[in-house]
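Only one structure is covered here, and it is reproduced in the block below.
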Amino acid sequence: MNFDFSDDQKMLKDQARKFLDDTCTLDHVRKILEGDASHDDAVWKGLCDLGFAGAAIPEEFGGLGLGPLELCVLAEELGRCVAPVPFSSSIYLAAEALKNFGNQTQKETWLPQLATGACIGTLSASEGTQPPSPATVKTTFADGKLNGTKIPVADAMIAGLAIVLANTGGKGERALSLVAVDLSAEGINRREVETIDPTRGHGEIVFENAPATLVGKEGDGWDNYRRIEAGAAVLVAFEQVGGAEAAMNMAKEYALERYAFGRQIGSYQAIKHKIADMYVKLELARSNAYYGAMAFAEDAGDLELAAAAARISATEAYRFAAQESIQVHGGIGFTWEANTQFHYRRSKLLALSLGSASRWKDRLVSELEKSNVA
Amino acid sequence: MDFNDTPEEAKFRVEVRAWLEANAKPKDPNKARAGRSNKAEADRLASARVWQAKKAEAGYAAITWPTEFGGLGGSSIQSVIYSQEESNFEVPGGFFDIGLGMCIPTMMAWATKEQNERFVKPALYGEEIWCQLFSEPSAGSDVAGLRTKAERDGDDWVINGQKVWTSGAHYCDYGIIVTRSDPTAPKHKGLTFFFLDMKSPGIEVRPIKQISGESNFNEVFFTDVRVPDSQRLGDVGEGWKVALTTLMNERLAIGQGSGVDYTELLKLARQTELETGPAIKDANVREHLADWYVETQGLKYTKFRTLTALSKGETPGPESSIGKIVSGPKMQDLASFAMDLQGQGGILQGDEDAEMNAAFQNQWMWGAGYRIAGGTDEILRNIVSEQVLGLPQDIRVDKKVPFNELPGSGRK
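Chains as they are written, first to last, in the numbering used here: chain A, 32 to 405; chain B, 417 to 828.
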């Protein structure tokens with residue numbers, strides 16, 4: 032039984048942690064919350080310089096040629112410090128989409144830039160306030176031109192490349208295709224949008240006859256998108272695990288230092304049991320995330336099920352820890368000055384960024400039905 | 417990252433499997449896994465003794481014990497490998513877990529060499545069965561608040577009082593017991609620990625009838641029961657220290673909840689038609705199924721993380737403490753939800769009428785007790801928050817007060 036990361040992977044994790052502990056404290060995150068910048072460029076550049084952005088990009092395209100497990104340990108550290116960087120958009124989504132479904136030209140054009148951070152990528156599916164699906168995506172791609180409006184798009188204002196889920200006119204689930212768009216080309220208008228988590232910039236992108244190229248086959252977009260989502264769900268689960276642990280520790284430390292009615296509030300069972308529950312959910316989430324990592328790395332056919340379990344578990348762990356951490360803090364936890372808000376915001380952002388827990392529960396049960404376990 | 421054995425583990429697994437194949441019958445996968453056993457206890461006990469002796473002879477009854485006590489001197493991971501393999505075979509069990517998991521390890525830590533030479537081997541071979549006499553009607557979670565009295569009389573001690581929730585007391589030969597020897601000392605200081613012969617005059621065992629209608633536990637009454645001082649474990653007044661040895665082993669001895677899980681609920685949902693259509697297509701059913709799947713898998717992989725630590729020769733992390741906190745409520749809630757799906761028919765509990773031999777109904781009954789036995793949900797959360805997370809203990813108003821001056825406890 033060797034259900035753990037390797038020593039090399041743990042070393043990578045320590046390296047990331049040390050770097051982020053120095054450069055990406057909550058004071059740094061607060062600067063992004065309160066300022067105009069869409070991300071912390073120094074942290075992002077540092078992560079790229081250390082080779083982390085290109086960790087899972089093949090060496091022939093300028094990366095380190097490592098795999099999903101290395102991304103998982105990095106993700107946990109990024110989540111722990113609520114990193115205000117476009118790592119997930121550019122790496123878990125855009126780079127993974129090109130790696131899996133891009134043609135040689137697309138890979139050669141974009142992957143080396145994504146690996147070094149010279150270009151930031153993003154993936155956009157949402158078109159407003161309903162979940163994207165073959166029935167609802169209105170953005171069209173025809174004759175090499177993309178038309179439509181995507182909102183919200185993560186890192187829209189800083190991205191140079193967008194992988195876009197667009198309607199190419201097929202029937203049912205075959206309606207959608209993925210396309211790559213160079214965002215410096217003509218026919219692109221973008222504006223920043225206000226979200227619940229300003230530490231991760233989002234925007235709206237309007238495409239008007241913007242030149243684009245197919246990523247993968249026409250009509251395969253929905254399947255391919257779901258495959259990319261599944262991998263990203265595992266990586267985001269590690270971010271959520273890191274975030275949940277940090278939020279739990281914040282609650283724990285406050286419960287130790289705050290006194291009420293003559294004793295530490297952490298000595299009251301109403302508080303300590305709440306924190307114990309954070310721990311229980313966190314450990315379940317970590318275990319499910321580990322299995323998700325293994326399924327992602329081995330690609331043996333159960334990624335969808337493993338990713339759904341990892342995502343559901345981690346979403347719940349982070350939701351509970353972030354939300355109840357504010358409750359443990361009491362009034363101070365609701366103030367702008369308190370750091371509890373970073374996890375409250377990020378936990379909900381991550382919970383929705385790849386679709387809600389309900390949607391993933393439905394996906395999970397669909398897999399169980401297929402696997403015929405009963 | 418993989419689930420594979422190391423070469424040494426694989427070798428041990430092959431040995432164990434070969435031995436099991438030669439000595440036991442593989443489980444029939446088509447046989448229902450839940451439901452009540454109708455076989456009489458005496459018959460089950462007789463066959464369990466035979467199997468236990470066979471296991472002990474081969475060294476598999478106590479893999480981690482030192483060889484001088486009849487163990488194999490093996491590792492924890494070997495013990496796990498044996499259990500994994502044994503679970504694929506139809507073997508009787510359940511009678512020796514408390515004795516070998518809690519009582520005998522306490523003896524090994526505190527009894528004399530001669531006593532251990534006398535008692536360890538018969539227990540290991542299933543010839544003598546042991547029980548644990550800790551809980552009392554007014555001392556459950558707060559077991560150190562126990563009142564059963566031990567008074568010195570010459571070379572003996574005289575024990576009076578009542579113990580409760582004693583598994584198997586009616587067929588046990590020996591027991592370990594914590595008593596209050598000094599009611600004027602504070603709660604933890606006035607306790608003394610013994611082992612005793614369960615056939616001693618003055619011991620009366622009465623079964624407890626549970627809400628399920630079954631009787632798996634007993635009350636044990638002590639009236640002027642004489643125990644020689646030579647059967648005292650630890651010093652007079654130091655019984656709590658000895659009890660902690662036992663309780664440390666409790667977490668290892670109490671297994672994880674088994675029974676109906678998401679697979680059975682999935683099966684039920686597939687065959688059940690609700691007013692709105694097939695239950696399996698119902699969004700609420702799907703949400704619940706997914707949640708319980710995720711909990712079950714989370715526990716399974718948490719166990720794998722623990723095994724990984726054992727496999728590397730490390731001490732497992734505190735994550736293993738979450739098992740019962742999660743599985744207890746899940747067991748109860750899942751059963752309750754499955755009953756809801758069956759409408760009024762969900763109340764049926766007869767094997768013939770009820771769905772899946774009343775597995776859900778039986779588990780719903782059992783679940784209520786499982787959340788209490790061996791550490792309540794609440795005590796387990798205290799343990800996690802205090803021992804894992806380092807949060808403060810509850811304020812103990814009884815810590816320095818003489819036991820007989822405590823309200824509700826020793827005060828007369």
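Quick reminder that beta carbons are idealized off the backbone N, C-alpha and C, glycines included.
query: Does any C-beta atom of chain B lie closer than 9 Å to the C-beta of Arg317/A?; result: yes
query: Does Arg394/A come out as helix, strand or coil in the three-state DSSP assignment?; result: helix
query: For Leu207/A, which residues from the same chain have a beta carbon less than 8 Å from its beta carbon, with the 5 sequence-adjacent residues on both sides left out?; result: Pro165, Val168, Leu196, Ala197, Asn198, Thr199, Gly201, Gly250, Gly252, Trp253, Tyr256
query: Are any of the Cβ atoms in chain A nearer than 9 Å to that of Ile670/B?; result: Note that Ile670/B has pLDDT 43, beneath the 50 cutoff, so the model's placement of it is unreliable and no number is given.
query: On the DSSP letters alone, give me the boundaries of the alpha helix (DSSP H) that Thr722/B sits inside.; result: 699-727
query: Would Val113/A count as contacting chain B if we go by Cβ distances under 9 Å?; result: no
query: In whole angstroms, what separates the C-alpha of Leu381/A from that of Gly110/A?; result: 10 Å
query: Per DSSP, Pro442/B is paired with what?; result: Phe505/B
query: In the DSSP assignment, find the unbroken alpha helix (DSSP H) run with Trp782/B in it and report its ends.; result: 775-786
query: Could you give the DSSP three-state label for Arg812/B: helix, strand or coil?; result: coil
query: Can you find a C-beta in chain B that's less than 9 Å from the C-beta of Gly297/A?; result: yes
query: Taking only the alpha-carbon atoms, compute the straight-line gap between Asp418/B and Leu334/A and give it to the nearest angstrom.; result: 15 Å
query: In this structure, what does DSSP give as the bridge partners for Ala291/A?; result: Arg294/A
query: Between which two residues does the alpha helix (DSSP H) containing Lys740/B stretch?; result: 739-757
query: At what residues does the beta strand (DSSP E) containing Ala243/A begin and finish?; result: 233-246
query: Can the beta-carbon of Thr153/A be found closer than 9 Å to that of Leu192/A?; result: yes
query: Between which two residues does the alpha helix (DSSP H) harbouring Gly110/A extend?; result: 99-111
query: Just checking, does the segment 761-777 of chain B make contact with the segment 267-274 of chain A on the three C-beta pairs under 8 Å criterion?; result: no
query: Under the three-state reduction of DSSP, which class applies to Leu43/A: helix, strand or coil?; result: helix
query: Per DSSP, Gln548/B is paired with what?; result: Ile592/B
query: Chain A beta carbons: is any one of them nearer than 9 Å to that of Leu715/B?; result: yes
query: Is the segment 651-664 of chain B close to the segment 620-638 of chain B, with three or more CB pairs under 8 Å?; result: no
query: Buried or exposed for Ile514/B, going by 16 or more other Cβ atoms inside 10 Å?; result: buried
query: Since Arg294/A meets chain B, which of its residues come closer than 9 Å, beta carbon to beta carbon?; result: Pro808, Ile811
query: Whose CA, out of Cys112/A, Asn220/A, Glu225/A, lies closest to the CA of Ser69/A?; result: Glu225/A
query: Going residue by residue through the segment 129-188 of chain A, where are the continuous alpha helix (DSSP H) segments of at least 4 residues, counting only ones entirely within it?; result: 135-147
query: Any contact of the segment 685-695 of chain B with the segment 709-728 of chain B, i.e. 3+ C-beta pairs under 8 Å?; result: no
query: With a cut-off of 8 Å on the beta carbons, I'd call Val246/A and Ser119/A a contact; round off their distance for me.; result: Contact flag wrong, Cβ pair sits at about 18 Å.
query: Taking the beta carbon of Asn220/A as the centre, do at least 16 other beta carbons fall within 10 Å, making it buried, or is it exposed?; result: exposed
query: For Glu368/A, count neighbouring Cβ atoms within 10 angstroms of its own Cβ and tell me buried if that reaches 16, exposed if not.; result: exposed
query: Among Ala301/A, Ser384/A, Leu395/A, Asp393/A, which one has its Cα closest to the Cα of Glu794/B?; result: Ala301/A
query: Check the Cβ-Cβ distances between Tyr256/A and every residue of chain B, and say whether any is below 9 Å.; result: no
query: With a cut-off of 8 Å, do at least 3 Cβ pairs link the segment 418-436 of chain B to the segment 508-522 of chain B?; result: no
query: Can you find a C-beta in chain B that's less than 9 Å from the C-beta of Ser344/A?; result: yes
query: Cutting at 6 Å between CB atoms, please list the residues of its own chain near Arg48/A, excluding the five before and the five after it.; result: Glu108
query: What is the DSSP secondary structure of Thr731/B, counted as helix, strand or coil?; result: coil
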